[in-house]
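K.L.:
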Amino acid sequence: MRKLFTLFSLLVIASFVLVACGGTAAPATTANTDSGTSSSTDSGSSSSAEYHSADPTTFVEATIGDIDTLDPALAYDTASATVIFNVYETLVFYDGESTDKFVPQLAESWELSDDGTVYTFHIRPGVTFHEGGELTASDVAYSYQRGILQGSYSSPQWMLAEPFFGVGNDDISIIVDGGASADDRAAMQAADPAALVAACEQIKAAIVADDAAGTVTMTLAQPWGPFLPTIANAWGSIMDQEWVVANGGWDGSCDTWQNFYAMTAAEDPFTGIANGTGAFKLERWTPGEEIVLARNENYWREPAKLERVVIQGIDEWGTRFAMLQAGDADVAVVNRQDAPQVDPLAGEWCTWNLDTESYECEAVGDGPLRVRVGRPGLTQDVILFTFDIATAGNPYVGSGALDGNGVPADFFADVNIRKGFAYAFDYQTLIDEVFLGEAVQPVSLPLPGMPGYDANAPHYTFDLAAAEAAFKAADLDHDGIPAGDDPEGDVWTTGFRVQMLYNLGNTSRQNVAEIMAANLAVVNPNFRVEVLGLPWPSYLTAQRASQIPVMTGGWLEDIHDPHNWYQPYTTGTYGNRQRLPEALVEQFREYLNAGVAETDPAARHQIYLDFNQAYYENVPGVPIVNATGHGFSQRWVQGQVLNAIFPGNYYYTIYKD
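Quick note on the numbering used here: the sequence shown kicks off at 8 and runs consecutively.
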């Protein structure tokens, strides 16, 4: 996912367990008309008949932080997506725990043309939105058109733009003016009016509704293997067009769409309201406190077993722990270093079996909790450097100059500075002391088993001597003299002061920053890194504004394919926020476009190996950790669908004893 910034990427979350899975799904030529997911939920759990919730009607989740937005077109973080995929629905949905099999949801069935470019979806009749509107084929077409036209590189819409516009055309701005207006609404509004209308008409011609037939036809620019997994996630959610327009959204005209391009959560009228077709509807959202979902009694399937879901944002660990102990929380975020405090409360221990790809559970005592351990993750964290820091009004760069009390805007544009940070990080300490050995250091962006993965790929290791050499080789004053030899002073003699941020409640990310700060001080006492926590929405805002000089970014994959790992970190979400220089972006784009278009497995593998090497040499980021699961729930919780691709809990199947 995706998700875009993975709020929980360094956390072990009881509500979603990460998994290593098979390859990208191939498009199906037809689908059956069954609805719902398979029964692969909570497999292997022992009986919990003696464990009963005081209130089986309400599910309480104690998490950290808050959501960013409830607009499916813009939400690109797991916190937001968890709410969205329970309130809204997509045309197709994942089949139980599978990451490459799909079942109908708002589409009853679908067909794919022989050439692999035209999908025809038959829209389910008799479905109503929470506020009473009836689902139509036009709502489906509008939702996709709106998302692609409104999205930007800060949104997940790049994944939908490429199938319709072709490889590398991952934002509507590329169609309008070659990307000159990317992420800039004012520039988009000032673009050639004819080009704006033409771009809109192009996507409307590719996504066509027939309300009389109840179908939506989608014509792709080329065959796109991962199209179904792409539309099965939260950004493929279907909205009620009439409701969107009535609440200040795009009116569907090709003359006006540019006014809604690249919206921020603060500007978006749909950040705090929702009207989906899902099993739960938004009852209220109190920012910074809680989100409450209520059961949709008019759901097109059998209503959910739970009557209400309460998601509480609690950054303080002691409070979350007390809620678990008292049974006041059904699931809770538990940072890895806090797991030993919770393990003694587990009376049921479930261990992931790599051979059967399932949990094997056994009762180990009378404790009230269930723990699941050992499942490999589809997520990893990367330390990222901003090449052109937005210093105006930026509180995170000190003086904003190379004077020992700050950093200049181009501080991380010097590759030797980036290498110095990469060598100064103690990866094994993070794994041993923060993740308690339940993690590995990634050697590249793609996960094991993917094209381009090589266990022996070059990667950075903890080496303070190499870090010192890299810093001495830097030339931040641009006088052509390495810092270690510069008689007039450079970064090695002046030092620097910079803030490394993390999202509050994410103590694992806090530990990452603290490890970096401590080691850089050993390299040079004049190197000062200050650790600062921000609430999750503020953290995202600072990232999007390119204000954070150095940060830990997390990624939960959207689809199981290396393209979904390289694009965000190079030409997409993170690459844009890091302000990577255009020459480097174009170098990465060549690999990216060649890799996603290549059909020969061996050739594709080699392209990504070369991509790995380029990423390693240029160091826009450093992969630091890939953790296995270690999550908790009350033993009375049943019916969880443990799908690794889900952003969080899918509440429809959950019930409580």
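Glycine residues also receive a C-beta, built at the ideal position from the N, C-alpha and C atoms.
1) Any heavy atom of the ligand MG closer than 7 Å to the Cβ of residue 385?
2) Select from 629, 428, 345 the residue whose C-alpha is nearest the C-alpha of residue 524.
3) Short check: CB of residue 229 to CB of residue 68, under 8 Å?
4) Write down every uninterrupted run of the beta strand (DSSP E) in the segment 353-412 whose length is 3 residues or greater and which is fully enclosed by it, in chain order.
5) What does residue 506 pair with, by DSSP beta-bridge criteria?
6) What's the gap between the Cα of residue 420 and the Cα of residue 395?
7) Helix, strand or coil for residue 570, going by three-state DSSP, please let me know.
8) May I ask you to list the residues that DSSP assigns as paired with residue 637?
9) Locate the alpha helix (DSSP H) running through residue 125, then write down its first and last residues.
10) Straight-line CA distance for residue 466 to residue 261?
11) Could you tell me the distance, in whole angstroms, from the CA atom of residue 651 to the CA atom of residue 570?
12) Can you give the Cα-Cα distance for residue 634 and residue 387, rounded to whole angstroms?
13) Classify residue 253: buried if its beta carbon has 16 or more other beta carbons within 10 angstroms, exposed otherwise.
14) Going by DSSP in three states, residue 84 sits in which element: helix, strand or coil?
15) Where do the N-terminal and C-terminal ends of the beta strand (DSSP E) with residue 101 fall, by residue?
16) Looking at C-alpha atoms only, which residue of 163, 558, 93, 187 is the closest neighbour of residue 508?
17) Within 10 angstroms of its Cβ, does residue 325 collect 16 or more other Cβ (buried), or is it exposed?
18) Taking the CB atoms as reference points, tell me whether residue 114 and residue 125 lie closer together than 8 Å.
19) Among 197, 117, 321, 167, which has the Cα closest to the Cα of residue 74?
20) According to DSSP, simplified to helix, strand and coil, what is residue 426?
21) For residue 97 versus residue 238, is the C-beta spacing smaller than 8 Å?
22) Under 8 Å: do the segment 473-489 and the segment 440-459 share three or more Cβ pairs, one atom per stretch?
23) Please list, in chain order, all residues of the same chain as residue 182 whose beta carbon is under 7 Å from its beta carbon, the five residues on each side excluded.
24) Going by beta carbon distance, what residues of the same chain come within less than 6 Å of residue 423, once the five residues before and after it are set aside?
25) To which residues of the same chain is residue 65 closer than 8 Å at the C-beta, ignoring the five residues directly before and after it?
26) Count the other C-beta atoms from every protein chain shown that fall within 10 angstroms of the C-beta of residue 655, then say buried if there are 16 or more, exposed otherwise.
27) What are the residues that DSSP puts in a beta bridge with residue 559?
28) Taking the runs of the beta strand (DSSP E) that are 3 residues or longer, which of them lie wholly in the segment 180-246?
29) Going straight from the alpha carbon of residue 333 to that of residue 348, what length do you get?
30) Is residue 545 helix, strand or coil by DSSP?
31) According to the neighbour-count rule (16 or more other Cβ atoms, all chains shown, within 10 Å of its Cβ), is residue 255 buried or exposed?
32) Roughly how far, in whole angstroms, is the beta-carbon of residue 517 from the beta-carbon of residue 540, given that I think they are within contact range, below 8 Å?
33) Could you check which residue in 226, 601, 483, 296 has the C-alpha nearest to that of residue 120?
34) Just how far apart, CA to CA, sit residue 644 and residue 660?
35) According to DSSP, simplified to helix, strand and coil, what is residue 649?
36) At what residues does the beta strand (DSSP E) containing residue 68 begin and finish?
P.N.:
This is what the structure gives:
1) By its list of ligands, the structure shown contains no ligand whatsoever, and the ligand MG lies outside what it can speak to.
2) 428
3) no
4) 353-360, 365-370, 376-380, 386-392
5) 537
6) 7 Å
7) helix
8) 380
9) Note, residue 125: premise wrong, no alpha helix (DSSP H); beta strand (DSSP E) at 125-130.
10) 48 Å
11) 18 Å
12) 7 Å
13) exposed
14) strand
15) 99-101
16) 558
17) exposed
18) no
19) 321
20) helix
21) yes
22) no
23) 172, 176, 206, 209
24) 477, 480, 481
25) 313, 314, 315, 316, 317
26) buried
27) 390
28) 214-217, 222-226
29) 15 Å
30) helix
31) exposed
32) 6 Å
33) 226
34) 11 Å
35) coil
36) 65-70
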